[in-house]
Amino acid sequence: MPAKDIYHEQVKSALINDGWIVTHDPYTIAFGQRNVFVDLGAERMIAAEKDNQKIAVEVKSFQGASDIHDLEQAVGQYVFYRSLLSRFDAQRKLYLAVPHPVLIGVLDEAIARPVLEDEDIAILTFDAEKEQIVQWTR
Numbered sequence: 338m339p340a341k342d343i344y345h346e347q348v349k350s351a352l353i354n355d356g357w358i359v360t361h362d363p364y365t366i367a368f369g370q371r372n373v374f375v376d377l378g379a380e381r382m383i384a385a386e387k388d389n390q391k392i393a394v395e396v397k398s399f400q401g402a403s404d405i406h407d408l409e410q411a412v413g414q415y416v417f418y419r420s421l422l423s424r425f426d427a428q429r430k431l432y433l434a435v436p437h438p439v440l441i442g443v444l445d446e447a448i449a450r451p452v453l454e455d456e457d458i459a460i461l462t463f464d465a466e467k468e469q470i471v472q473w474t475r
C-alpha cells in the first residue's frame, strides 16, 4: 500500500466535518491481478432525494520541487483512477483534494487551466489547519 499524503488525515477530518462518512481508507480498486489505492472513499446521505452521494478522493500536497511536475503527476493519477473507477464503481465521483492555496496559485495558472478543463478534473480544496473543506469544483 502506498504512503499517505501529508494532508491525508486533515482531508479525512475535513470530510467528516462536512458531513461525510468515510467508508474507505484507502479506497481500493482491484483490476485483474493488480490493485490501486485512491486515498479515501466517502458517502453522504442526501435527505431530499433519499439517495447516497459517493465520492473517492485523491489527496495531493503539491510540496515537490516543481509545481509543474506535481501537476503532471496529479493529473495523470487522477485520469488513471477515474478511468478505472468508471468501470469499477461508476456512481462514485472522483475528486482531487489540494490545499486551497494550490487552487488559487498553481491550478489557476494559465498552463494548468486548459488541462483541468479538458480533463474535467473535479477539485476540492481544504484548509489543513482548520480541517475544513473550502471549495468544491465541478
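Start counting at 1 in the sequence shown, then tack on 337, and there's your number in the working numbering. In this text, a Cβ means the ideal position worked out from N, Cα and C, and glycines have one as well.
Separation of residue j from residue i, as counted between CA atoms
i	j	result
residue 460	residue 405	17 Å
residue 341	residue 372	16 Å
residue 470	residue 368	31 Å
residue 530	residue 426	No information on residue 530 is available, as it lies outside the stretch 338 to 475 that the chain covers here.
residue 400	residue 428	31 Å
residue 359	residue 377	7 Å
residue 382	residue 390	6 Å
residue 379	residue 432	11 Å
residue 466	residue 434	15 Å
residue 450	residue 464	22 Å
residue 430	residue 417	13 Å
residue 456	residue 440	16 Å
residue 408	residue 447	13 Å
residue 343	residue 453	23 Å
residue 339	residue 364	12 Å
Supposed close pair residue i, residue j - CB separation, criterion 8 Å
i	j	result
residue 396	residue 345	5 Å
residue 422	residue 458	Not confirmed; about 13 Å, so no contact.
Exposed unless 16 or more other CB atoms sit within 10 angstroms - verdict on residue i
i	result
residue 357	buried
residue 349	buried
residue 474	exposed
residue 392	buried
residue 351	buried
residue 436	buried
residue 370	exposed
Which residues DSSP lists as bridging residue i, in chain order
i	result
residue 445	According to DSSP, which records beta bridges pairwise, residue 445 is partnered with nothing at all.
residue 467	In the DSSP output, where bridge partners are listed per residue, residue 467 has none listed.
residue 472	462
8 Å Cβ cutoff, residue i in contact with chain C
i	result
residue 453	Reference to chain C is not applicable here, since this structure consists of a single protein chain.
Could you tell me which uninterrupted alpha helix (DSSP H) segments, each at least 4 residues in length, are contained entirely in the stretch 338-426, listed from first to last along the chain? Secondary structure remark: continuous alpha helix (DSSP H) runs of at least 4 residues inside the stretch 338-426, in chain order: 345-354 and 404-425.
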